[in-house]
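The sequence shown begins at 1 in the UniProt record's numbering and counts up one residue at a time.
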Amino acid sequence: MLTADGHLVHSPADLVDLLECEHRSRLALALAVGLPGAPVPDDRTNHMATRHGMAHEQAVLAKFRAEHDVVEIPQPAPTHEALTAAAQQTADAIEAGAPVIYQAVFYADGFQGRADFLVATDRGYEPHDAKLARHATPAAVVQLTAYANALKHLAGPAMHLLLGDGTTKTFQVADFLPLVRDLQTRVKARLAAPASLPERLWDDERPACATCRFGRHCATGREQDRDLSLVAGIRTDQRRKLVSAGLGTIDALANATRADRPATMSATTFTGLRAQAALQVIQDDSRTEDDPIGKVAYEVVGPEALATLPVPSPGDLFFDMEGDPFALNGEGLEYLFGVVDADERFTPFWAHTRPQEKAAFERFVDFATQTLDTHPEAHIYHYAPYEVNALKRLAALHGTREDAVDHLLRSNALVDLYAVVRKALRVSQRSYSIKYLEPLYMPDARAGEVTNAVSSIEAYEEFLALRTVDPARAEDVLTGIADYNTYDCVSTLRLYRFLLEVREEAGIEPHVAEPSFSEEIEDEIAAQRRAERAERLAAVVDPLLEGLPDNPADATDDERARALLAAAVGYHRRETNPAWWDFFRQMAAPLSELESDSACAVPVSVRAEDWVSPSGRVRKAKRELRVWCDPDRPHPFATGDQVRLLYPGTPNVTRDAVVLAESAEDMVVLESAAPDDVHGEQPIAVLPGSPVQPKPKDEAVYELARSVVDELPTLPPHPGIDLIRRTPPRLKVAELPRGEDLIADVIAAVDALDGSTLAVQGPPGAGKTYLAGRLIAHLIRGGRSVGVTSNSHKAVENVLSAALAAGRELGVPIPTAKRAKGTPAKDCKWEQPRDNPALVRWRDDQGGGHLVGGTAWTFSNTALREQPFDVLIVDEAGQFALADALAVSTCARNLVLLGDPQQLPQVVQGTHPAGAEASALGHLIGDADVIPPSLGYFLDQTRRLHPAVCTPVSNLSYAGLLHAHPSAAARGIDGVPSGLYVHSVSHSHNTTSSVEEAEAVVEVVRSLMGRMWTDGPDARALDDSDILVVAPYNLQVRLVRRELEKHGYSEVRVGTVDRFQGQEAPVVITTMTSSAAVDLPRGLDFLLSRNRLNVALSRAQAVAVVVCSPRLVEADIRDVDQLRLVSGMIGLMAEAGRWDG
């Protein structure tokens, strides 16, 4: 920010300040105008980074000069005249068509900036910025977008970051323009108003503090004012409740009484926070100039956690990892696996490339497992969950040592000492980070330049920058990181010994499991099975990966396909592993942990009916239980869900049950048990049902991979292989048909398939199901066998019904069969064979064309694979896992993918190698919004959405290529122009529920009741069944539903977006619920997901109303993807009209 011609002008740095922290932006303005009392920022200049950054920029300049004529704009003085002249020089160079402009100057409309490079293209000038960093940051993208915006109509559609590792990141300007223009509007408004200091000179801590020049100033202010944020472990919502109750400082909380407890805070939580504050105040009072830390104290609060701490073993290992999330072009790298043994001998496993990461990971896992084989009673100790999560991810990413890591986890060989400390002790420090605990058992303070995780990342980034230009200095940096990691490992060891001492001093007896001969035998058998399974998988995975380049970016398309197929071989196991890990974790977890687990429910009370003894074919006793839950912690279960009821014991046990009915406050479940196992106890928690076994899907993928290995290095022609190769469909004709009738084109293309895959992307209301019905009827009339699969029985049955309807209309009999889900339905429109052999026999009995529906389990079955279908249609292929598509492709001669990856994303539980987590259609489309014409068809016309609703939806999710059918323009509501509206409702600190928005929804519904709804030639009065309300959280769903029912609107459909895919209504109201994205409980990516917004808005036939806080888009943006999400929401709101009711 600078003063020119008597006025303040802003730069990209000022936009970044406002993006990252509004408080920083105010302080910067106060400093710029010289307000008395404005805090002086730290000098955070990294002179070495500046020097290397300039060298990188000069290297880029040299490359441009080697290929183009470059016009350089000299750096102007920071005066109005000089900036005006430099901006004119830039404009003259653009007018002359200069190929490259270096240090282009912008100075207009209150904005000034200098772009590293402007490069001429046939679509306009595109900004390029040289950044020494190895990853794209939100700040860098905002800077580029500001330059593109300054170019106005002269800008091309793209912008580029030239990164320090030699790679280029390209972004679409349109994705970020709404956000940058919003930032500029806000900055200009602030500059136009009189500058003033904030009432409170410091602000709450946020992620941007780590790099903020005012960070130390704010931290000092929080400490001096004794803010509640100093209390270890306090959450933002808890701090807010305490402040509202008059307990605004740590001292006030420490001295509070039970009567001071906020009404909305549980007694247990309040007591714990108060005790933590009291212990910290004692330590604070002991601080002196000579001893700034003071006396660190602790108290035992959970003796059971100390009792379960394993006894020492000479084979114990103490483990710590170092990772850099920015390495390898932002993909991240785990660069150091450090471990010390019981004698404090340090063993490092280093990695600086992706192949080295794999090798280091394998060497560490092998080292750990060999140690545990030698010392079966030993454990691997670490602090905090990072190490466990990283091991899971690396096993999946590299497709190696997965069974070994799984065994380490299931056998509880890994012990998280952070979890032990949090359950067992209350410590007087302001944080439970391990370095804050060290005064208890390591009296000497940490030394060296690397002292925490953030500085270790900065140091490793420095090493990467230096290793080619200053190897000696780079080696010194690496030594510093190794010293830091060694210290962490030793600290973990000494913390373990300290906890053992605490246990002994407190007289707590350790729990020592009795050795079991049968368990040893079972472990040996399990180990043998794991080895056999690993050997079997390696027989296909290793040949697929053999000879592939170390850097995936260097791979050919076929090499990438081989790597993806190898990853798919282990997909289903990786996908179910987290569910099994959670299964065992939840069984052993304390109730306090289950209370905060959104997948579980801890009852407030339970009422159990009497057991009903088995009779007839029923072999188990059953009873109903009514379970009441805390309405502020909504349970996650729906009617029909399989669940487990948790009973206390040593160990805890579970029983199977099914949810019969549920509401916001309670649920009714039917419990089953063996007759000899019934008792009158009541469950203490409701857990998710047992994980679903993936067989035979995993076996089908294995067989596909084995058939490919047999033909390597050639990839055989096969619909599944064509899919992973992302190749255009192989046809019996020269090219995909392109006529006037899109339905006819698709049918002709399927007829022309030659053992390949065709994709059809169908946005909401574009007639995807209608197309499927017509296609099936056409194929059956031609005597071909057709399969239909999808993620759910409901989706499959929807397509079967559409096919039968099309058959009746076209006079085509369609023999149809589908195995029932559970008990066969009465009066079903198709045959319901009881099992797969019966289904195969039914197929044999059909003389010609026939139709079979089923899930991926059906079409992966060996019996059905022996007689492939002529055409297998995958519906909802945008949510159908790529690995599942490969599995079912073994049952098909040709594959047709129908769906839309721009709607709800595929649900992924596991961690997979890059690309393996994709949906079938998402894999084909890649980063594009619509499918490339070479791969299939985009149904570009929707009959559902009025043009005024279609346009913002199309811009949000379909690159503006989706259009409304002319008939959709004939829809409307009397007195309310069709289109998208925003209803702004002010509220603060709401996260998963908002009474204010619920009341606003009722007002919107009330204002619409009785208005005439016109749909072409038909007209009638709107009633509450014509309105659909979408909420992001179950708690808001229940709140809105209650509010609507209270006002007599019980027929309004209310639910989360997952419930409404495939539905439509004249009016859709979306309540965004959260006051600001910075408060979001499930993350920015969930609430502002373009997929979820697309599904919500595209249910509307005429009117879509978004009810939201005006502060919704205020967010702590941590990466470029989140920047894009916020920008998309801002753009959507800018296109919308204001709802006035």
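Quick reminder that beta carbons are idealized off the backbone N, C-alpha and C, glycines included.
Contact between residue 768 and residue 898 holds: CB atoms are separated by about 5 Å, below the 8 Å threshold. Closest in C-alpha terms to residue 349, from the list 942, 343, 362, 578, comes 362. The Cβ-Cβ distance between residue 878 and residue 919 falls below 7 Å. Beta-bridge annotation (DSSP): residue 1108 is paired with 984.
Residue 27 is classed as buried because its beta carbon has at least 16 other beta carbons within 10 Å across all chains shown. Here the C-alpha atom of residue 731 lies approximately 30 Å from the C-alpha atom of residue 914. Shown here, residue 534 sits in a helix according to DSSP, grouped into three states.
DSSP places residue 126 outside any alpha helix (DSSP H); the residue lies instead in the beta strand (DSSP E), whose first and last residues are 124 to 130. Nearest neighbour of residue 1008 by Cα position, chosen from 932, 1023, 1016, 998, turns out to be 1023. DSSP links residue 160 through a beta bridge to 128, 170.
Residue 432 sits in coil when the DSSP states are folded into three classes, being neither helix nor strand.
For residue 965, same chain residues with a beta-carbon under 8 Å away, outside a window of 5 residues either side, are 941, 942, 943 in chain order.
Here the region 874 to 894 makes contact with the region 692 to 701; the two share three or more CB pairs at distances below 8 Å. If you draw a straight line from the Cα of residue 697 to the Cα of residue 584, it comes to about 24 Å. In summary, residue 720 is buried, with 16 or more beta-carbon neighbours lying within 10 Å of its beta-carbon over all protein chains present.
DSSP links residue 1133 through a beta bridge to no other residue. Beta-bridge analysis with DSSP links residue 442 to no other residue. In the DSSP assignment, residue 280 falls within the unbroken alpha helix (DSSP H) covering 267 to 285. Within the same chain, 541, 566, 567, 570, 913 come within 7 Å of residue 399 by CB-CB distance, once the 5 residues on both sides are set aside. Linking residue 262 to residue 30 through their CA atoms gives a straight-line distance of about 37 Å. Per DSSP, the beta bridge partners of residue 324 are 333. The C-alpha of residue 230 lies about 21 Å from the C-alpha of residue 199. Going by C-alpha positions, residue 757 is about 51 Å away from residue 111. Counting C-beta atoms within 10 angstroms of its own C-beta, residue 392 has 16 or more neighbours from the protein chains shown and is therefore classed as buried. One alpha carbon belongs to residue 162, the other to residue 93, and they sit about 22 Å apart.
Close CB contacts of residue 908 within its chain, under the 6 Å cut and outside five residues either way in sequence, are with 917 (chain order). Contact between the region 651 to 665 and the region 707 to 720 is absent: fewer than three C-beta pairs spanning the two stretches fall below 8 Å. Between residue 1070 and residue 1096, the C-beta gap is smaller than 7 Å, which places the two residues in contact. DSSP places residue 667 within a strand segment (E or B) once states are collapsed to three. Restricting attention to alpha helix (DSSP H) runs no shorter than 4 residues, the region 671 to 737 encloses them at 697 to 709, 719 to 725, ordered along the chain. Put simply, of 572, 504, 552 the residue whose alpha carbon is nearest the alpha carbon of residue 537 is 572. If only complete runs of 4 or more residues are kept, the region 750 to 819 shows the alpha helix (DSSP H) at 768 to 781, 793 to 810, in order along the chain. If you draw a 10 Å sphere on the C-beta of residue 890, you find 16 or more other C-beta atoms in it, and that means buried. Within a 10 Å sphere around the beta-carbon of residue 509 sit fewer than 16 other beta-carbons, which makes this residue exposed. Residue environment analysis places residue 88 among the exposed positions, since fewer than 16 neighbouring C-beta atoms fall within 10 angstroms of its C-beta. Fewer than three Cβ pairs drawn from the region 722 to 739 and the region 865 to 879 lie within less than 8 Å of each other, which leaves the two stretches out of contact.
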